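Just so you know, the protein sequences line up as chains S and B, in that order.
Quick note, the first sequence lines up with residues 1 to 310 if you use my numbering.
Quick note, the second sequence lines up with residues 1001 to 1310 if you use my numbering.
Every residue, glycine too, gets a C-beta built ideally from N, C-alpha and C.
Computed from a prediction, not measured in an experiment: that's the story for all the values here.
Encoded as structure tokens, the structure appears first; notes follow it.
2 protein chains.
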Amino acid sequence: MSDKIIGVDIGGTSIKLALFDSSGIVSKKWSIPTNCKDKGVHIPYEIVDSIERKFDETGTSLDELSGIGIGVPGPVDESQVKRAVNLGWDNFPLKQIVEQKLRVPVALLNDANAAALGEFWQGSAEQLKDIVFITVGTGVGGGIIVNGQIVNGHHSSGGEIGHIPVKSAEKRVCGCGNLNCLECYGSASGMVKTMNQLAGTTLVSDTKELFELVKIGNPFARETLNVTIDYLARALSGILNTLDPEELVIGGGVSEAGSLFIDPLKNALEQYVFPQIRDGLQVRRASLGNDAGVYGAAYQIIEILKMIPV
Amino acid sequence: MSDKIIGVDIGGTSIKLALFDSSGIVSKKWSIPTNCKDKGVHIPYEIVDSIERKFDETGTSLDELSGIGIGVPGPVDESQVKRAVNLGWDNFPLKQIVEQKLRVPVALLNDANAAALGEFWQGSAEQLKDIVFITVGTGVGGGIIVNGQIVNGHHSSGGEIGHIPVKSAEKRVCGCGNLNCLECYGSASGMVKTMNQLAGTTLVSDTKELFELVKIGNPFARETLNVTIDYLARALSGILNTLDPEELVIGGGVSEAGSLFIDPLKNALEQYVFPQIRDGLQVRRASLGNDAGVYGAAYQIIEILKMIPV
């Protein structure tokens, strides 16, 4: 019987893999380094090798494998990775190579979308259909789930909420080329920049240090948190007032500050979200951490396999 | 054979009705006044009467009617109208009454969502699946279509894009109770307010007058247009960067100013929309005008009827 699924999450430094059964139980989790040499051409073969070796080690036949889901740091469409700058990929046939080597269906998805699906699938006690997921870390990303399905978008850019424009007296240029995207202010690096600007000197180098200063009441750190939260809450309210989802899930490195970050964000949302939407909205911190991506990748291929006639 | 469909669009002063065949061709359009007496209890019966009379007049048997879609100025769920302040309705059983009287399935939808579906169905030459619709008139409303379906939302407030928060030095209180919603600035009344504030006197009483002044180069009118467009473009970019749809459709009274309004809005969007999304995005003016609602209401019931086993 073939009921094994592999979820893969490709990051800039490591590739996470996990072996699931079709009911979603994980039996193995492991990772390999990301080999970006030669514009990333070795990556698909190293993923295949690693999967073959893991099946071999555990005495499982590859015939039991029924599909693979892969989360990628860049936009994807149904057939290929459109771009993954950190890996050196441009219209890269990841899906085709892995499918050819392992002879099972492969589903591609963007990494933030994979994390959103993971949280949707395994992160919450209830079975919800509509959630908005935001990840606040080095950058700001997101995943939008409507009716149980990820919104990948017409140009594979659904959930690019880090690029929502914000209004600021400053001008920060975003990596995308636009001015004053949410990511320039709401991300970890944006917060550090705001903090050091307010202090007039390099007081902190990461958000961990910044939150330590928030705890002891440093006025620059508190002001930075207030300003950052306001940017995030305004942008999120725009999304919530558009989609009226059941739940908002907040993940990413900055969310690890816990209630120090989540509580003021919830308060700011109270102010901006449409009253009818606000009243029943659940806001929670992501619960799968770094594993969210492999869960979501596995979920995606499980859902696709359900639609393939046996 | 029963293949006739009725689309209804209930407004504050009149109720529009149209008779369709199941392929979407309109054979009759008419309207009746909205009778708000006695908290709107007469409305469902007057709709039923008017439909019966129209069938009678045209010598068509009511057996040919297979379903009715009704757009309502307020939030609805699958079974009832949750609220329609202008009509006096609160948890009102519109669907039940009309179904009982005419013995055909009735579908309810919010009026802005109905307009969005109408534009989606008949407004564009191509068959699109994902569109964002905004209506800029007395208020600002919208409808979000993902995968061919309206996003009604978990609290029946999907598409409430008039309540996206905007950043302003002013404080305008919105009807919803929040401060500085998009509608306070981006609507026709918001524009008129901004204009008269800038001019320091009541120069205009509606947007028609305002656009006349824009045409002749009045500096207050031009500044009002710039400011308003900026608010709208920022909020819309937030939506577009979240959903990456195929098309943005702009309707409502203010859109009747045509290129005077649409062109600067397109230009402002260029500045704020994520480059990958911007490049293939279609932006167009709504093409069905006041008929969009009856089209969308008819479409909704046609889609529902398809799912009912014969």
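- Just the chain B side, please: which residues come within less than 7 Å of S:G280 by C-beta, in chain order? If you number the first sequence from 1, residue 280 of chain S lands on position 280. Here the neighbours are H1154, H1155.
- Query: What residues match up with S:Q282 in a beta bridge as DSSP calls it?
  - Reply: For the purposes of this step, residue 282 of chain S is taken as the residue at position 282 of the first sequence. In DSSP, S:Q282 forms a bridge with S:E247.
- Item | Complete runs of the beta strand (DSSP E) confined to the stretch 107-167 of chain S [at least 3 residues] | Taking only runs of at least 3 residues, the beta strand (DSSP E) segments lying wholly in the stretch 107-167 of chain S are 131-136, 140-146.
- Could you check if B:T1224 is buried or exposed, using at least 16 other CB atoms within 10 Å of its CB as the buried criterion? On the second sequence, residue 1224 of chain B is found 224 positions in, with the first residue counted as 1. Within 10 angstroms of the beta-carbon of B:T1224 lie 16 or more other beta-carbons, which makes it buried.
- Query: List, in order along the chain, the chain S residues whose C-beta lies closer than 8 Å to that of B:A1286?
  - Reply: Taking the first residue of the second sequence as 1, we reach residue 1286 of chain B at position 286. Near B:A1286 there are no residues of chain S at all, since even the closest Cβ is about 18 Å away, more than 8 Å.
- Query: In the stretch 224-250 of chain S, which residues sit with their C-beta less than 8 Å from some C-beta in chain B, listed in chain order?
  - Reply: Listed in sequence order: R234, A235, S237, G238, I239, N241, T242, L243, D244, P245, E246.
- Task: Please name the residue, chosen from B:S1287, B:I1308, B:A1114, B:E1303, that lies closest to B:G1159 on a Cα-to-Cα basis.
- Result: In the second sequence, counting from the first residue as 1, residue 1159 of chain B sits at position 159. Among B:S1287, B:I1308, B:A1114, B:E1303, the Cα nearest to that of B:G1159 belongs to B:A1114.
- Message: Assuming contact is defined by CB atoms lying nearer than 9 Å, are B:S1002 and B:T1034 in contact in what I supplied?
- Response: Here residue 1002 of chain B refers to the residue found at position 2 of the second sequence. Here residue 1034 of chain B refers to the residue found at position 34 of the second sequence. Taking 9 Å as the Cβ cut-off, B:S1002 and B:T1034 do not qualify as a contacting pair.
- Taking DSSP as the reference, what is the three-state secondary structure of B:C1181? As a first step, residue 1181 of chain B is located in the second sequence; it is residue number 181 there, counting from the start. In the three-state DSSP reduction, B:C1181 falls in the strand class (E or B).
- Under 8 Å from the C-beta of S:I164: neighbouring residues of chain B: Start at 1 with the first residue of the first sequence, and residue 164 of chain S comes out as number 164. Near S:I164 (Cβ distances below 8 Å), the residues of chain B are S1237, G1238, N1241, T1242.
- chain B partners of S:D291, CB-CB under 7 Å? Here residue 291 of chain S corresponds to residue number 291 of the first sequence, with the count starting at 1. The CB of S:D291 never comes closer than 7 Å to any CB in chain B; the least such distance is about 25 Å.
- Return no unless some Cβ of chain B is closer than 9 Å to the Cβ of S:K266. By one-based count along the first sequence, residue 266 of chain S stands at place 266. The beta carbon of S:K266 sits no closer than 9 Å to any beta carbon of chain B.
- Task: May I have the straight-line CA-CA distance separating S:I308 from S:A107, to the nearest angstrom?
- Result: The residue given as residue 308 of chain S occupies position 308 in the first sequence. The residue given as residue 107 of chain S occupies position 107 in the first sequence. Taking the straight line from one Cα to the other gives about 13 Å.
- Mind the definition here: the stretch 1176-1186 of chain B touches the stretch 169-178 of chain S only if three or more C-beta pairs lie below 8 Å; say whether that holds. Output reads no: the stretch 169-178 of chain S does not touch the stretch 1176-1186 of chain B.
- Task: State the start and end residues of the unbroken beta strand (DSSP E) segment that holds B:I1032.
- Result: Locating residue 1032 of chain B in the second sequence gives position 32, counting from the first residue. Following the DSSP letters along the chain, one finds B:I1032 inside the beta strand (DSSP E) bounded by residues 1026-1033.
- Please determine if the stretch 74-84 of chain S and the stretch 24-38 of chain S are in contact, where contact requires at least 3 C-beta pairs separated by less than 8 Å. Fewer than three Cβ pairs drawn from the stretch 74-84 of chain S and the stretch 24-38 of chain S lie within less than 8 Å of each other, which leaves the two stretches out of contact.
- Is B:G1293 near B:K1016, with beta carbons less than 9 Å apart? Translated into positions along the second sequence, residue 1293 of chain B becomes position 293. Translated into positions along the second sequence, residue 1016 of chain B becomes position 16. Cβ distance < 9 Å, so B:G1293 and B:K1016 count as in contact.
- Query: How would you list, in chain order, the residues of chain B whose beta-carbon sits under 8 Å from the beta-carbon of S:Y272?
  - Reply: The residue you call residue 272 of chain S lines up with position 272 of the first sequence. Chain B residues near S:Y272: P1165, N1178.
- Residue from S:D291, S:A221, S:T228, S:I145 whose Cα sits closest to the Cα of S:I168: Residue 168 of chain S sits at position 168 when you count from the first residue of the first sequence. Checking the displayed sequence, the identity of residue 168 of chain S turns out to be Ser instead of Ile. S:T228 is the residue among S:D291, S:A221, S:T228, S:I145 whose C-alpha sits nearest the C-alpha of S:S168.
- At what residues does the beta strand (DSSP E) containing S:V8 begin and finish? Numbered from 1 along the first sequence, position 8 holds the residue referred to as residue 8 of chain S. Here the beta strand (DSSP E) through S:V8 covers 4-10.
- C-alpha gap between B:Q1282 and B:Q1149, whole angstroms: On the second sequence, position 282 is the one that residue 1282 of chain B refers to. On the second sequence, position 149 is the one that residue 1149 of chain B refers to. Straight across, the Cα-Cα distance linking B:Q1282 with B:Q1149 is about 19 Å.
- Message: According to DSSP, is S:I262 part of a helix, a strand, or is it coil?
- Response: Within the first sequence, the letter at position 262 stands for residue 262 of chain S. S:I262: helix per DSSP, three-state reduction.
- Query: Counting pairs of beta carbons, one from the stretch 1004-1013 of chain B and one from the stretch 1059-1072 of chain B, are three or more of them closer than 8 Å?
  - Reply: Yes: at least three Cβ pairs fall under 8 Å.
- Task: Please name the residue in B:F1120, B:T1202, B:G1012, B:F1133 whose C-alpha comes closest to that of B:C1036.
- Result: Position 36 of the second sequence, counted from the start, is the residue given in the question as residue 1036 of chain B. The shortest Cα separation from B:C1036 among B:F1120, B:T1202, B:G1012, B:F1133 belongs to B:G1012.
- Item | Selected residue, minimal CA-CA separation from B:G1267, among B:L1288, B:A1233, B:V1249, B:G1280 | As a first step, residue 1267 of chain B is located in the second sequence; it is residue number 267 there, counting from the start. Per the sequence presented here, residue 1267 of chain B reads as Asn, with Gly not at that position. Selection B:L1288, B:A1233, B:V1249, B:G1280 evaluated against B:N1267 yields B:A1233 as nearest (Cα-Cα).
- To the nearest whole angstrom, what separates the beta carbons of S:E246 and S:D130, a pair I think is in contact under 8 Å? If you number the first sequence from 1, residue 246 of chain S lands on position 246. If you number the first sequence from 1, residue 130 of chain S lands on position 130. About 5 Å separates the beta carbon of S:E246 from that of S:D130, a gap short enough to meet the 8 Å contact definition.
- Item | Pick from B:R1172, B:V1151, B:I1239, B:P1264 that is closest to B:L1117, judged by C-alpha positions | Locating residue 1117 of chain B in the second sequence gives position 117, where the first residue counts as 1. Closest option to B:L1117, Cα to Cα, is B:V1151.
- Nearest-angstrom Cα distance between S:G163 and S:F92? In the first sequence, residue 163 of chain S corresponds to position 163, counting from 1. In the first sequence, residue 92 of chain S corresponds to position 92, counting from 1. Residue identity check: residue 163 of chain S is His in the sequence provided, not Gly. In a straight line, the C-alpha of S:H163 is about 24 Å away from that of S:F92.
- Message: Only counting the same chain, and skipping five residues up and downstream in sequence, which positions put a Cβ closer than 8 Å to that of B:L1109?
- Response: Within the second sequence, the letter at position 109 stands for residue 1109 of chain B. The beta carbon of B:L1109 is closer than 8 Å to those of G1069, I1070, G1071, V1072, V1076, L1117, I1150, N1152, G1296, A1297, Q1300 in its chain, skipping five residues each way along the sequence.
- Item | Short Cβ contact (9 Å threshold) for S:V254 with S:V136 | Residue numbering aside, residue 254 of chain S sits at position 254 when the first sequence is read from its first letter. Residue numbering aside, residue 136 of chain S sits at position 136 when the first sequence is read from its first letter. A contact, by the Cβ cut-off of 9 Å.
- Message: So, with DSSP's three-state summary, where would you put B:L1288?
- Response: On the second sequence, residue 1288 of chain B is found 288 positions in, with the first residue counted as 1. If DSSP states are grouped into helix, strand and coil, B:L1288 belongs with coil.
- Any idea what DSSP makes of S:D90, helix, strand or coil? Taking the first sequence and counting its residues from 1, the one referred to as residue 90 of chain S is at position 90. Three-state DSSP puts S:D90 in a strand.
- For S:K95, is the classification buried or exposed, using 16 other Cβ atoms within 10 angstroms of its Cβ as the cut-off for buried? Taking the first residue of the first sequence as 1, we reach residue 95 of chain S at position 95. It counts as buried.
- Whole angstroms is fine: what's the gap from S:S237's alpha carbon to S:F274's? As a first step, residue 237 of chain S must be located in the first sequence, where it is residue number 237. As a first step, residue 274 of chain S must be located in the first sequence, where it is residue number 274. If you take the alpha carbons of S:S237 and S:F274, they lie about 8 Å apart.
- Item | Where B:S1014 falls: helix, strand or coil (DSSP) | Position 14 of the second sequence, counting from 1, holds the residue named residue 1014 of chain B. Here B:S1014 sits in strand by DSSP.
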